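**Student:**
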Amino acid sequence: MLKLILSATLAVIGMTTGLFAVSSVSSFVEGAIVKAHSSEAAPVLSGAQGTKAQLQDPTFSDYLVAVSKFRLKKVDLTSHPQAGMFRTRLRYKIGESPNFAGRFIVTFWGCGTSCQMGAIIDVPTGKVYFPDELSVLENVGFGDDPYKTDVEYRRDSELFIIKGVAGNSDEPGTTWLRWEGDRFEKVAFVKAA
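With the sequence shown counted from 1, adding 52 to any position gets you our numbering.
1) Check each candidate in Val-203, Val-117, Gly-178 and Met-137 and name the one with the smallest Cα separation from Cys-167.
2) Classify Asp-128 as helix, strand or coil using the three-state DSSP reduction.
3) Pop quiz: Ile-214 and Glu-232 are said to be a contact at Cβ under 8 Å. What is the actual Cβ separation, rounded to whole angstroms?
4) Where Ala-153 and Val-119 are concerned, what is the direct C-alpha to C-alpha distance, given to the nearest angstrom?
5) Leaving out five residues before and five after Lys-126 in sequence, what residues of the same chain have Cβ atoms less than 8 Å from its Cβ?
6) Going by other Cβ atoms of all chains shown within 10 Å of its Cβ, with 16 needed for buried, is Met-169 buried or exposed?
7) Could you spell out the range, first to last residue, of the alpha helix (DSSP H) harbouring Thr-111?
8) Could you tell me the distance, in whole angstroms, from the CA atom of Glu-148 to the CA atom of Gly-162?
9) Throw me the rounded Cβ distance for the Val-239 and Trp-228 pair, which I believe falls under 8 Å.
10) Whose C-beta lies closer than 7 Å to the C-beta of Ser-187 among residues of the same chain, with five residues either side of it excluded?
11) Identify the residues that DSSP records as bridge partners of Thr-227: which are they?
12) So, with DSSP's three-state summary, where would you put Tyr-260?
13) Can you give me the C-alpha to C-alpha distance between Val-180 and Asp-128, rounded to a whole angstrom?
14) Ignore the nearest five residues each way along the sequence and tell me which others in Val-292's own chain have a CB closer than 7 Å to its CB.
Right, here's the structure in full:
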């Protein structure tokens with residue numbers, strides 16, 4: 053009951069103030085938006101090279117999924133060649149419930165000054181994915197720099213938003229991605245002004 057009241061209260065606060073912000077990538081409340089290193093509102097422009105006047109931004113509610121009640125019991129370090137290298141960081145998530153796309157855990161760790169990289173773990177199977185889009189997130193949390201990178205995702209949606217430079221790209225902007233079970237598919241991209 054308390055969780056329901058807290059969720060409803062946070063939803064009202066979120067609607068009146070914008071997205072919830074947290075200082076690290078972790079889930080806050082079931083269904084709440086997870087956002088890393090930013091207090092900015094949702095992206096303004098949308099579409100494949102579109103503008104606000106042309107298209108609507110993809111929204112989390114466009115890609116809703118049911119959320120699994122499972123918790124991560126084991127990480128399959130044989131599922132990806134890089135998994136063994138990051139085994140300590142991946143195993144740190146054991147015991148957690150999904151924070152993305154209904155059955156997955158998104159996890160990030162540092163890879164140098166203002167740099168993060170990440171992986172996605174399938175909670176029921178323990179299988180680990182290292183999508184290119186999360187291979188290098190540079191300039192994480194640096195003011196108004198167009199190369200600054202923020203990510204947003206929710207536990208009940210397949211939509212993943214990267215503001216800044218996604219993975220190995222050199223082009224800053226907002227990238228909307230949809231998780232397809234083992235990889236991201238680009239939904240839209242808008243180049244930074």
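Every residue, glycine too, gets a C-beta built ideally from N, C-alpha and C.
Please read these numbers as outputs of a predicted model, since none were measured by experiment.
**Tutor:** Once the coordinates are examined:
1) Here residue 167 is taken as the residue at index 115 of the sequence shown, counted from 1. The option with the nearest alpha carbon to Cys-167 is Val-203.
2) To locate residue 128, count along the sequence shown from 1; it is residue 76. Note: Asp-128 maps to strand in three-state DSSP.
3) Along the sequence shown, read from residue 1 onward, the residue named residue 214 stands at position 162. Along the sequence shown, read from residue 1 onward, the residue named residue 232 stands at position 180. Their Cβ separation, rounded to whole angstroms, is 16 Å, which puts Ile-214 and Glu-232 out of contact at 8 Å.
4) The residue you call residue 153 lines up with position 101 of the sequence shown. The residue you call residue 119 lines up with position 67 of the sequence shown. About 7 Å.
5) Here residue 126 corresponds to residue number 74 of the sequence shown, with the count starting at 1. Once the five neighbours on either side are set aside, the close Cβ partners of Lys-126 are Ile-146 and Gly-178.
6) Taking the sequence shown and counting its residues from 1, the one referred to as residue 169 is at position 117. Per the 10 Å Cβ criterion, buried.
7) Residue numbering aside, residue 111 sits at position 59 when the sequence shown is read from its first letter. Thr-111 -> no alpha helix (DSSP H), and no H or E assigned at all.
8) Sequence index remark: in the sequence shown, residue 148 carries index 96 (1-based). Sequence index remark: in the sequence shown, residue 162 carries index 110 (1-based). Taking the straight line joining both Cα atoms gives about 20 Å.
9) Position 187 of the sequence shown holds residue 239. Position 176 of the sequence shown holds residue 228. Their Cβ separation, rounded to whole angstroms, is 4 Å, which keeps Val-239 and Trp-228 in contact under 8 Å.
10) As a working note, residue 187 is residue 135 in the sequence shown. Only Met-169, Gly-219 and Asn-220 meet the Cβ criterion.
11) One-based indexing of the sequence shown puts residue 227 at position 175. Its beta-bridge partners are Ile-214 and Phe-241.
12) Because the chain spans 53 through 245 in this model, residue 260 falls outside it and cannot be assessed.
13) The sequence position of residue 180 within the sequence shown is 128, counting from 1. The sequence position of residue 128 within the sequence shown is 76, counting from 1. Each residue's alpha carbon lies about 7 Å from the other.
14) The structure shown does not extend to residue 292, since the chain is modelled only from 53 to 245, so the question has no answer here.
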